[in-house]
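Peer 1: In my numbering, the protein residues as written are 23 to 161.
Would you mind keeping the following structure in view while I ask a few things?
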């Protein structure tokens with residue numbers, strides 16, 4: 023029998039007669055995730071979407087990469103098919119800070135899918151959905 027350390031929970035469950043989902047915290051409390059519709063590469067409406075663009079966003083399920091900063095998702099407090107309120111722990115160089123964003127995606131005849139980004143802490147949260155889109159999805 024080959025035993026690997028990659029799945030200690032599976033091994034534990036195989037060796038005992040009963041398993042409880044609470045024994046594996048990741049199964050009970052999965053990490054917060056950004057909705058799939060928001061994931062992808064985005065740039066300002068007038069950006070060129072190149073990897074060198076200083077206004078490019080890379081959104082994945084658990085992080086947002088922009089410029090020289092990496093924001094790790096700490097909470098998704100609200101989410102729907104086309105929007106989310108996301109809390110991030112942002113790291114850049116030797117600094118880190120918290121940021122909370124409202125993100126939503128809509129369709130535009132001119133740009134295809136567009137992303138609205140609003141700083142949820144300093145803005146008026148109820149006005150975030152009315153802010154015009156400021157990013158487009160990159161090919």
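Virtual Cβ for every residue (Gly too), placed ideally from N, Cα, C.
The model shown is predicted, which means the values in this text are computed figures rather than measured ones.
1) Please go through the same chain and pick out, in chain order, the residues whose beta-carbon is closer than 8 Å to the beta-carbon of residue 161, but skip the five residues on each side of it.
2) Whose CA, out of 153, 143 and 92, lies closest to the CA of residue 136?
3) According to DSSP, simplified to helix, strand and coil, what is residue 71?
4) What residue does the beta strand (DSSP E) around residue 59 start on, and which one ends it?
5) Which residues in the same chain have their Cβ closer than 7 Å to the Cβ of residue 76, if we skip the five residues on either side of it in sequence?
6) Output the distance between the C-alpha atoms of residue 85 and residue 149, rounded to the nearest integer angstrom.
7) Ignoring anything shorter than 3 residues or poking outside the stretch 115-153, list the beta strand (DSSP E) runs there in chain order.
8) Among 119, 74, 105 and 158, which residue has its Cα nearest to the Cα of residue 94?
9) Alpha carbon to alpha carbon, how far is residue 142 from residue 55? Give it in angstroms, no decimals.
10) When the Cα atoms are used, what is the spatial distance from residue 60 to residue 156?
11) How about residue 105 and residue 123: do their beta carbons lie closer than 8 Å?
12) How many whole angstroms separate the CB atoms of residue 112 and residue 121, which I take to be in contact at a CB cut-off of 8 Å?
13) Quick one: grab the DSSP three-state call for residue 25.
Peer 2: Considering the structure as presented:
1) 71
2) 153
3) Here residue 71 sits in coil by DSSP.
4) No beta strand (DSSP E) contains residue 59, which DSSP labels as neither H nor E.
5) 89
6) 24 Å
7) Counting only unbroken stretches of 3 or more residues, the beta strand (DSSP E) elements lying wholly within the stretch 115-153 are 117-130 and 134-141, in sequence order.
8) 119
9) 18 Å
10) It is roughly 14 Å from the alpha-carbon of residue 60 to the alpha-carbon of residue 156.
11) no
12) 5 Å
13) Since pLDDT at residue 25 reaches only 39, below the 50 mark, its modelled position is unreliable, and the value read off the structure follows with that caveat. Residue state, collapsed to three classes: coil.
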